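Chains as they are written, first to last, in the numbering used here: chain A, 5 to 203; chain B, 5 to 203; chain C, 5 to 203; chain D, 5 to 203.
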DNA sequence: TATGAATGAGCCTTCATTCAT
DNA sequence: TATGAATGAAGGCTCATTCAT
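Structure representation (C-alpha cells):
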C-alpha cells in the first residue's frame, strides 16, 4: 500500500496549495514551514525535496500570479474604441475579466496583489497600463481632455484593490456585478447633475 | 547624576517616535525592539520601563491614529446639503481635511491605515460612515436612487487608500489637489457623455 | 532490461572512486553522500546497496591504503647494510618506493595519510618501523650512537608528510628527486662544516 | 548574589577558551555551539552576545594565532651570521622560541597550525620566510651552494609540524630539547661519514 | 540492480523579554 | 531612570539513512 501521496508531483502540489493558503492567511514572515508541511501531511525535510527555500515557494507563487495576470492584461489591451458604447463595453468586459481572474484563486490573489513587496510593483504596472489606455481614449475624444489620467488610473486601481478584497474575495459580489458598478461610477459619477465641463 | 535627556517623558516620546517609524517602514513583525531602542539611544530593558510589550506600543500608536481620525470624522459629518453646489463643496472640504490628516504624520497613517489587523476595521468603519452620509444625500435626491451606496463608499475608501499611499505620502500631491480630483471623479465620472439614468 | 552500466561491480567501483575523491577534497564530515552518488550517476539508496554506511566506505578506503602501504613497507625492510654506500643506497631506494606509492593515487594518499583518525596511527606505525631500522644501523655503527633515533624517525616522517602534500601530490617533484633530497639532508645535513661528534 | 560570571568580559573569555578547546579537539564543523555554551555555563543566545557567528569565533582564534606568530617570527629574523657557531646558535635560539610559542597554548596551536584552511597558508608563509633566510646564509657561504633551499625549508617545516604535534603538544619534549635535535639533524645529518661535497 | 519518496535527528541563529544592579 | 547580562522559545535548513516498489 502506498503511503499517502507517495507521488512526488502530488506532494509538491499539495505543499504549494497549503503554502499559498498559509501565506495568504498570515503573510510571509508569519508563515512557518512546519505548519505547511504538517498540513500537507509531510515532514520538514520533504519540503526541501520540492522547494529550495521558504522564499523560493513564495516567489514561485508570486510569479505564477504575475505571469497569469500579465497574460490576461496583454490579451485585453484596449484598442481605440469607436463610440461611447464601445468604450464602455470594452471597459466593462476587461474589468469583468480582471475581477474573474482575481476571484479565481483567492490565496494567489492575496499573495500577488496584497502580500509581499512585489504586490506594490504589480499594481504600479497596472496603473501604468491603464493610464496608457485612458490617455489614448482621451486623445480620441472620449474623455474630458482636462482629466489627469494618472490620477484616474490610480483611483481605478484603488477601487479594484478594495472591491477585490472586500467584495470579491469575501464572496459578496460577482465579477460582473463589480465591473458594472465600477464602470458606472467611473464613467458618470454619482451626481444627478451633468458635469460642467470646460467648453 | 542624570544622563543627558534622562527625562522619562522624553525617553518615552523618543521611543514612540522611533517605534512609529520602524513599524511604518517594516511592518509589525519585522520591527525589532533592539532596533527601536538603539535608534532611541537606549537599551532594551528601558523599553519595558515605558511599554508593556512590543504589542502594547503598537496598539498605543494605532489607538492614537484611530482616536484622532474619529475626532476628525465626527467633526465633519455631512449634514444634509441644500443644493449640488453645497454637496460638492462639502465633500471637497471633508476630503481635503481627511487627506490633510492622513498626510500630517506619515508614520502614524501607515500604521493605522495600512499595517496591522485594525487597519481593516478602521477602513470598514469609514466605509460605513460614508455610506450613511451618501444614503442620506441620496434620499434627499442629490444622487441617483439606483446607486448602491455601499459599493460607492467602498470605492471611495479604496481611492482614498491608494491616493494616500501613492500620491500623498510620497509628497506628489497636496490634500486639496487630491480632494479635487476625487470629487470630480466621483461626482461626474470621466465620460464626456451624460449618464443615461433610468427615468 | 539493464540500464547502461547496470553492473553491480562497476557501480560499486565508480562509487568508490568518487567517494575517495570527495573525501580527499573535502574531508570526511564535509563529504556528502548526495554528492558522491550524484557524481557517480546513481541515487542515494543505491549507495547503501554497496556500502553499509558513509563510515564504511571511508574505512574501506583507509584500509586499502593501509594494506598497500603495509605490503610496501614489509617488502622493503632494511637489512643491516655493509657499508655507507649501501646504507645510503638502501635508504634512497626505500624512500623512492615510498614516494612512488604515495604519489600513485593521490586521493587515497590524502585519505590514508592526512584525513581521519587512522592517519595518525598510520604515521605512528611508520615512525616505529623506521625507528627500528635506524636503531639497527646505529648499533652497527653507521650512525652516531648519541642520536635519539625516535626523534630522527619522527622527523623523517614529518618530512615525508610535508613533501608528499606540497611537492609530490602537487606534481612539482618526482619520487626520485624527493628521495634524493631527503637522503642527502638526513645523511649529512646542510652545513659545510663536519659535525663535531663526541669521540 | 551575582550569577556565575555575570561579567561580560569574563563570559566572553570563558567562551573563547572553551571554543578553542572544542575546535582543537573536534575541528571546525564538528564543534557545536551548544557544546561550547554548555561547557561555559551559558545558553546559546549568550554566545551571540559576544560573537557574530560560529565562523567569527573561529576566525578570531585563527587571527590571534597568526598575529602572535607573525610578531614572533618578525622579531627573530636571522641576520647574516659571522661564523658557523653563530649560525648554529641563531638557528637553535629561533627554533627554541618557535617551539616555545607553539607549545604555549596547545589549543590555539592546534587551530592555527593544523585546523582550518588558513593553517596551510600559515605554513607556506613560514616556508617562504625560512627559505629566504637559508638562501642568505647560503650566499654567505655557510651552506652548500648546491642545496635546494626551498626543499630544505619545506623539510624543516614538516619536521616542526610533526614534532610539535607528536612531541611538544603531548608534553614529551621541551622546546629546547626539540630545537637541539632539529639543529643537529639539519646541520650535520645522521651519518658518521662526512658529506662528499662537490669540490 | 535501481530509484522515487520520505524522515529522524540535529544545528545555527534570532528575538522578545527579564533579572539584578 | 537606566543598563549589563542572560535566556526561553522558536524557526529555517541539512544530512545520513530507510521503505516500498
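We put the CB at the ideal spot given by N, CA and C, even for glycine.
The structure displayed is predicted, hence computed values, not measured ones.
Contacts around residue 66/D, its chain only, beta-carbon distance under 7 Å, and the 5 residues preceding and following it disregarded: 115, 116, 120 and 122
Collapsed DSSP secondary structure at residue 19/B in the structure displayed: helix
Cβ of residue 56/D within 8 Å of any chain C Cβ: No - not a single Cβ of chain C is within 8 Å of the one on residue 56/D.
Contact list for the region 152 to 178 of chain D against chain C, Cβ threshold 7 Å: Closer than 7 Å at the C-beta level to chain C, one finds these residues of the region 152 to 178 of chain D: 152, 155, 156, 158, 159, 161, 162, 163, 165, 166, 167, 170 and 171.
Endpoints, alpha helix (DSSP H) assigned at residue 56/B: Segment: none, residue 56/B is in no alpha helix (DSSP H) and carries neither H nor E.
Beta carbon of residue 96/B nearer than 8 Å to that of residue 184/B: yes
Touch test, the region 23 to 40 of chain C against the region 187 to 194 of chain A, Cβ-Cβ under 8 Å, three pairs minimum: no
Cβ neighbour criterion (16 or more within 10 Å) applied to residue 170/B: buried
Chain D within 8 Å of residue 198/C, Cβ atoms only: yes
Proximity of residue 110/C and residue 173/C at Cβ, strictly below 8 Å: Closer than 8 Å, so yes.
Identity of the residue in 193/D, 103/D and 130/D nearest residue 178/D by Cα: For residue 178/D, the nearest C-alpha among the options comes from 103/D.
Exposure of residue 108/C, with buried meaning 16 or more beta-carbon neighbours within 10 Å: exposed
Whole runs of the alpha helix (DSSP H) within the region 60 to 143 of chain D, excluding any shorter than 4 residues: 88 to 108, 110 to 113 and 122 to 143
Chain D within 8 Å of residue 90/C, Cβ atoms only: no
Residue 183/D - containing alpha helix (DSSP H), residue span: In the DSSP assignment, residue 183/D falls within the unbroken alpha helix (DSSP H) covering 179 to 192.
Three-state secondary structure assigned by DSSP to residue 37/C: helix
Closer than 7 Å at the beta carbon, the chain B residues around residue 34/A: Annotation: Cβ neighbours of residue 34/A in chain B (cutoff 7 Å, chain order): 33.
Cβ-based burial, residue 162/A [other Cβ within 10 Å; buried from 16]: buried
is_contact[residue 195/B, chain A] using C-beta, thresh 8 Å: yes
Contacts of residue 147/C in chain D (Cβ-Cβ under 8 Å): Near residue 147/C (Cβ distances below 8 Å), the residues of chain D are 194, 195 and 196.
Residue 144/A vs residue 194/B beta-carbon contact at 8 Å: no
C-beta atoms of residue 192/B and residue 199/A nearer than 8 Å: yes
Residues bridged to residue 147/B [DSSP beta-bridge criterion]: Residue 147/B is bridged to 195/A.
Chain-order list of residues whose beta-carbon lies under 8 Å from that of residue 76/C (same chain, five-residue window excluded): 101, 102 and 105
Minimum Cβ-Cβ distance from residue 190/D to chain C less than 8 Å: yes
Short Cβ contact (8 Å threshold) for residue 125/B with residue 160/B: no
The alpha helix (DSSP H) enclosing residue 167/B, as first and last residue numbers: In the DSSP assignment, residue 167/B falls within the alpha helix (DSSP H) that extends over 153 to 167.
Residue 11/B in three-state terms, based on DSSP: coil
Alpha-carbon to alpha-carbon, residue 54/A and residue 71/C: Approximately 44 Å, taken between the alpha carbons.
Distance, residue 60/D Cα to residue 175/D Cα: If you take the alpha carbons of residue 175/D and residue 60/D, they lie about 30 Å apart.
Straight-line gap, residue 52/C to residue 37/C (C-alpha atoms, nearest Å): 10 Å
Cβ neighbour criterion (16 or more within 10 Å) applied to residue 26/D: buried
Backbone secondary structure at residue 44/C - three-state DSSP: coil
Whole-angstrom distance between residue 130/D and residue 94/D, CA atom to CA atom: 17 Å
Cα-Cα separation, residue 182/A to residue 46/C: 56 Å
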